[in-house]
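Please read the structure below before turning to the comments.
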Amino acid sequence: METSDLSITDDMWRAIVENDKSYDGVFWYAVKTTGIFCRPSCKSRPPKKENIRVFKTAEQALAEQFRPCKRCKPTGQHLPDHEWMAWVTEYVNSHYMEDLSLHILAEISHGSPYHLHRTFKRIMHITPMEYIQQTRLAQARKQLIGSDKSVAEVGKSVGLSNTPYFITLFKKNMGCTPLQYRQLKSQEAQNGGIQHGKSNE
Ligand SMILES: [Zn+2]
1 METSDLSITD
11 DMWRAIVEND
21 KSYDGVFWYA
31 VKTTGIFCRP
41 SCKSRPPKKE
51 NIRVFKTAEQ
61 ALAEQFRPCK
71 RCKPTGQHLP
81 DHEWMAWVTE
91 YVNSHYMEDL
101 SLHILAEISH
111 GSPYHLHRTF
121 KRIMHITPME
131 YIQQTRLAQA
141 RKQLIGSDKS
151 VAEVGKSVGL
161 SNTPYFITLF
171 KKNMGCTPLQ
181 YRQLKSQEAQ
191 NGGIQHGKSN
201 E
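Residue numbering for the sequence shown follows UniProt numbering, starting at 1 and increasing by one per position.
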């Protein structure tokens, strides 16, 4: 994995922190935690030093599956919007249990919140926040059926640690509380999966 990396020098680190344009084209840096790579001059918030990988060419970063930053366009090309959105949805799918907001997604994917919101809605037909909620609720439904966790624990494990809010959100979307949903599903399972009585959708 580490084959094409350069080791990060003090100069490189300083160039990243100071957004030094004179290092553009000399090296590119990728951030392991976000999967994005940038030019040294990128105005995005400097990552933690230990999360950085440094490359001699943009191609090497691409070859290691890093995606070009939306803001500094390290390959000289626009990241196509659908690729940007694919990155954002993948990020939500694997980080839904963490603190997420439009601003956080914009910051880590290096776009403006306004642009992210608009582009996401155009391509995905829902807003980023709606997508986050749907992902969390889908995970919550899985856990309500597949685990013995309490409602509060389920909420917490999908990034909704405010239990009353979790219950309200769940009810608004599913038409029943998390507990009712669990009971309904376990009854259905006992009855051989036959739908009966109250609809769940
Ligand atoms: Zn950048």
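Glycine included, each C-beta is placed from N, C-alpha and C at the ideal position.
- With 6 Å as the limit, the residues whose C-beta approaches a heavy atom of ligand 1 more closely than that are C38, C42, S44, C69, R71, C72, H110, in chain order.
- The count of Cβ pairs closer than 8 Å, one atom from the stretch 115-127 and one from the stretch 147-156, stays below three, leaving the stretches out of contact.
- Spatial neighbours of P47 in its own chain (CB-CB distance under 6 Å, excluding positions within 5 residues in sequence) are listed in chain order as V31.
- Out of S109, E98, I36, the CA that lies nearest to the CA of N51 is found in I36.
- Inclusion of R39 and C72 in the CB contact set at 8 Å is warranted, their separation being smaller than that value.
- Residue burial is scored here from C-beta neighbours: R118 has fewer than 16 other C-beta atoms within 10 angstroms and is therefore classed as exposed.
- A direct Cα-Cα distance of roughly 6 Å separates A106 from S112.
- Nearest neighbour of L137 by Cα position, chosen from S109, H115, F120, T168, turns out to be T168.
- Within its own chain, the residues whose Cβ lies closer than 7 Å to the Cβ of M97, once the five positions on either side in sequence are excluded, are S157, V158, G159, listed in chain order.
- If the five residues before and after I145 are omitted, its C-beta is found closer than 6 Å to the C-beta atoms of K185, all from its own chain and listed in chain order.
- For S41, the closest alpha carbon among the candidates K56, V17, E64 is that of V17.
- By the criterion of a C-beta distance shorter than 8 Å, T89 is surrounded in its chain by M124, Y131, once the five residues flanking it on both sides are discounted.
- With respect to K70, H110 sits close: the two C-beta atoms are nearer than 8 Å.
- Annotation: Y181 is outside any beta strand (DSSP E); the continuous alpha helix (DSSP H) that includes it extends over 178-190.
- With contacts defined as CB atoms closer than 8 Å, Y181 and R141 qualify as a contacting pair.
- Of the candidates K172, D5, T163, D5 places its Cα closest to the Cα of Q60.
- In this structure, T75 sits away from A86, with a CB-CB distance that is not shorter than 8 Å.
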